[in-house]
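In what follows, a single structure is set out as structure tokens and then discussed.
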Amino acid sequence: MTRVAPPVFLQSVLRWVGLALFAYMAYATLYGPYRTTVVHLAIYAAATLFIAFLGRERHEARGIRLAQWSLDVLAALAALGSMLYLIVEFERLLNLWGSSYLTTADVWVGLTMVAVALEAARRQSSVLALLGVVGVLYMLYGNHLPGVFAHGGMEITRFTYLVSYTTEGLFGTGLQVAAGYLFMFMMFGATLQATKTGDFIINMANAGLGRQTGGAAKGAMAGSAGLGTMVGSSIGNVVSTGSFTIPLMIRTGFRRHVAAAVETNTSEGAQLVPPIMGAAAFIMAQLTGIPYATIAIAAILPAALYYLSLFWVIHIEALREGLHGLPENEIPSAREAMRDGWHLLVAPILLFYLLIVESFTPAYASLIAIAVALVAGFSRAITRISVRELLGHLDGGVKQAAGITALIISIGLLQAAIVATGLGPRLTEIILSVSDGSLIVTALLSVVAATLLGMGMPTPIAYLLLAMFAAPALIASGAPKLGAHLFLFYFAIKSGSTPPVALVAVVAAGIAKANWWRTSVTAFMHSLPGFIVAFMFLYSDALLLQGSWSVIALATISAGVGVFAMAAGVQGWCGDWVTWPERAVLAAAAISLINPGSLTDVGGLLVVGAILAFRLMRKGRTPARKPRPKEETET
327 MTRVAPPVFL QSVLRWVGLA LFAYMAYATL YGPYRTTVVH LAIYAAATLF
377 IAFLGRERHE ARGIRLAQWS LDVLAALAAL GSMLYLIVEF ERLLNLWGSS
427 YLTTADVWVG LTMVAVALEA ARRQSSVLAL LGVVGVLYML YGNHLPGVFA
477 HGGMEITRFT YLVSYTTEGL FGTGLQVAAG YLFMFMMFGA TLQATKTGDF
527 IINMANAGLG RQTGGAAKGA MAGSAGLGTM VGSSIGNVVS TGSFTIPLMI
577 RTGFRRHVAA AVETNTSEGA QLVPPIMGAA AFIMAQLTGI PYATIAIAAI
627 LPAALYYLSL FWVIHIEALR EGLHGLPENE IPSAREAMRD GWHLLVAPIL
677 LFYLLIVESF TPAYASLIAI AVALVAGFSR AITRISVREL LGHLDGGVKQ
727 AAGITALIIS IGLLQAAIVA TGLGPRLTEI ILSVSDGSLI VTALLSVVAA
777 TLLGMGMPTP IAYLLLAMFA APALIASGAP KLGAHLFLFY FAIKSGSTPP
827 VALVAVVAAG IAKANWWRTS VTAFMHSLPG FIVAFMFLYS DALLLQGSWS
877 VIALATISAG VGVFAMAAGV QGWCGDWVTW PERAVLAAAA ISLINPGSLT
927 DVGGLLVVGA ILAFRLMRKG RTPARKPRPK EETET
């Protein structure tokens, strides 16, 4: 289906709207929101939805394009008009004593906001839009449902008041996170891309890991981890880094679906990498009240262990295929790369320092980091770009923020449906009654829910929904609060590559020209070692850097061995190639290491050590595996 970009004049208008929004958001970050928080959010929503509705590509056929134009203009005007109404009438609306004081105009404008939110969600995710509609119907007509799902019902005026004029609805957690956290981080990521920081990270990754066994995949892993934390989206990371790394992996011998699976997993894992960690980490801070700096520090070890698991999987995959490193002429010089790009590290390091050490707000820290990144980029000719190019990158950052806002604003409908009707506690009770309070059963039910919610929904949305009803159940079953939320965050991330939908894997398979189903299944199998780490969150917060250093060290060793054991069991190599019974024993040993500090730890460590020692002693006595024939294409 051929699509055409908006007319040049409209692109110019939208660019100026975006730059004006950036200027306003910078002002609000430095001096506080205009008038009140709700008015500030309305200004932000008006601009971003206006850009989202009018900035999309349209069908080439004239009749279809005209219909799309009509809908886009209507939606943009509805978004702009309803938000302006709130801005003008804010003092009266925010001082109302209740829904009975709404005028007829107030009700119609509020319902227009709801329609705009649903239309914005529909364009990003039909599943999310459908959930939004279900939430609206549930609030209005839930009194007709039987059993635990029934509530007292809700009149249209009360519904409108809650959803459109309070912070329990459209101006709730989702929009607050988008305006208060995400926008400036998107602009920071756009600034780093403009200064070619991504190229520098990929060159350094290939310089450091390119010579190793499977060096192309290991370089892709490190590059995606470094760049992906700035991109903040698994699919965006696959597109930005995968277009370079996937062909490189295929050219050096990796099968197409394996190369796509490697990029899928490395791109997803980047959302665990501090300091940015994708949108869901900001939502976590908003929901839990845990400072963002604490969450970022707690994610350091989990992110390192996740990529350690991928390192072993890639290493064993390369051994199986008889692969080596990158050709010498394709390995960048680390000295030259560092000489040309060391100054690009100043802004990310400063951002981490401001967030973690100085405890600046994320928006304020990222605004300072944007200024420093621009100064650093323009300070040297090799990274200097024209003002026109810079504006183009900033415009791209605004459009990305607009797309996320269009997606996330409808979260307010779901939040209101769960909170205002009391559904959240009832869902938690249902989970606990099914699991009988067992932590492991509750966790497995949460994984199933994460997989279902992740079908067609991005990480922030899947995590937020899980956090509303699954997190309380996990905590009630004995999991630490931060561990429970990071567990749900992890599986919300991984839902993007889990069959049967696996949107992230589909995108990677498209770049690799591979079979998407084989890609998603391979990505899932490669992820199994990392699952060990996620389940460890629930039994101990030592991996989240909570507790004494001796306890943290022991938990890290246990987790590292568990990751290796599961990778060895899945891939069939533990110092040398192992038999199927040995693989089963290794997988069981990895599972026994989930609960740190228990007697099962000792047994698991002894089993893994015994198999590794036995295979290392016998290494060379068994014939080496022959590499599999490489497929030219996969369909």
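Here the sequence shown is numbered in this note's numbering, starting from 327 and rising by one per residue.
We put the CB at the ideal spot given by N, CA and C, even for glycine.
Top-ranked residue by Cα proximity to residue i, from the options
{"i": "H669", "options": "A810, G703 and L758", "result": "G703"}
{"i": "G737", "options": "A455, A352 and I413", "result": "Residue identity differs from the one stated: residue 737 is Ile in this sequence, not Gly. Answer by Cα proximity: A455."}
{"i": "G615", "options": "F813, L700 and L808", "result": "L808"}
{"i": "A707", "options": "I744, D666 and L740", "result": "D666"}
{"i": "S918", "options": "E908, V887, A939 and L574", "result": "V887"}
{"i": "Q450", "options": "L645, S884, R581 and I787", "result": "I787"}
{"i": "R646", "options": "M351, T355, A894 and N921", "result": "A894"}
{"i": "A881", "options": "V896, T926, T905 and W906", "result": "T926"}
{"i": "E755", "options": "R341, E643, F475 and Y350", "result": "F475"}
The alpha helix (DSSP H) enclosing residue i, as first and last residue numbers
{"i": "S593", "result": "R582 to G595"}
{"i": "H300", "result": "Only positions 327 to 961 of the chain appear in the structure, and residue 300 is not among them; the question remains open."}
{"i": "E654", "result": "Unbroken run through E654: none, as it is neither H nor E."}
{"i": "W342", "result": "V334 to Y357"}
{"i": "I623", "result": "Y618 to A624"}
{"i": "A320", "result": "The structure shown does not extend to residue 320, since the chain spans only 327 to 961, so no value can be given for it."}
{"i": "K839", "result": "Where K839 is concerned, there is no enclosing alpha helix (DSSP H), given that its DSSP letter is neither H nor E."}
{"i": "E415", "result": "Here E415 belongs to no alpha helix (DSSP H), and DSSP marks it neither H nor E."}
{"i": "E494", "result": "Taken as a continuous stretch (DSSP letters only), E494 belongs to no alpha helix (DSSP H), as it is neither H nor E."}
{"i": "E481", "result": "Element bounds for E481: n/a, residue is neither H nor E."}
{"i": "Y370", "result": "T363 to L380"}
{"i": "H719", "result": "V713 to I734"}
{"i": "N563", "result": "S560 to R577"}
{"i": "L792", "result": "T785 to A802"}
C-alpha gap between residue i and residue j, whole angstroms
{"i": "L380", "j": "I640", "result": "43 Å"}
{"i": "L693", "j": "G506", "result": "12 Å"}
{"i": "R941", "j": "P751", "result": "52 Å"}
{"i": "L326", "j": "F817", "result": "No information on residue 326 is available, as it lies outside the stretch 327 to 961 that the chain covers here."}
{"i": "D867", "j": "F511", "result": "28 Å"}
{"i": "S550", "j": "G568", "result": "8 Å"}
{"i": "G930", "j": "C900", "result": "14 Å"}
{"i": "D432", "j": "E684", "result": "43 Å"}
{"i": "T961", "j": "L779", "result": "No answer about T961 holds up, because its pLDDT of 45 lies below 50 and its placement is not dependable."}
{"i": "F863", "j": "L870", "result": "7 Å"}
{"i": "W843", "j": "V832", "result": "8 Å"}
{"i": "A835", "j": "T362", "result": "46 Å"}
{"i": "S396", "j": "G723", "result": "26 Å"}
{"i": "M892", "j": "L912", "result": "6 Å"}
{"i": "G473", "j": "S761", "result": "20 Å"}
{"i": "A673", "j": "T517", "result": "10 Å"}
{"i": "S426", "j": "V339", "result": "40 Å"}
{"i": "Y618", "j": "A810", "result": "16 Å"}
{"i": "G729", "j": "A378", "result": "6 Å"}
{"i": "M943", "j": "W638", "result": "20 Å"}
{"i": "Y491", "j": "L420", "result": "7 Å"}
{"i": "A885", "j": "P907", "result": "22 Å"}
{"i": "A352", "j": "A689", "result": "9 Å"}
{"i": "T578", "j": "H650", "result": "8 Å"}
{"i": "Q538", "j": "K544", "result": "8 Å"}
{"i": "V460", "j": "A504", "result": "23 Å"}
Pair within 8 Å by beta-carbon distance, residue i and residue j
{"i": "V442", "j": "A404", "result": "yes"}
{"i": "A624", "j": "L598", "result": "no"}
{"i": "Y467", "j": "T747", "result": "no"}
{"i": "V859", "j": "E594", "result": "no"}
{"i": "R800", "j": "A769", "result": "In the sequence under discussion, the amino acid at residue 800 is Leu, which differs from the Arg named in the question. A contact, by the Cβ cut-off of 8 Å."}
{"i": "V928", "j": "A915", "result": "no"}
{"i": "T785", "j": "I819", "result": "yes"}
{"i": "L740", "j": "G458", "result": "yes"}
{"i": "L671", "j": "A542", "result": "no"}
{"i": "A727", "j": "T438", "result": "no"}
{"i": "I626", "j": "F514", "result": "no"}
{"i": "A849", "j": "I576", "result": "no"}
{"i": "A732", "j": "V489", "result": "no"}
{"i": "A586", "j": "I572", "result": "yes"}
{"i": "G500", "j": "I734", "result": "yes"}
{"i": "L677", "j": "A622", "result": "no"}
{"i": "A793", "j": "L812", "result": "no"}
{"i": "F376", "j": "A349", "result": "no"}
{"i": "T620", "j": "S823", "result": "no"}
Query - Every unbroken alpha helix (DSSP H) within the segment 505-540, with a cutoff of 4 residues, ordered by chain - result: 509-520 and 523-535
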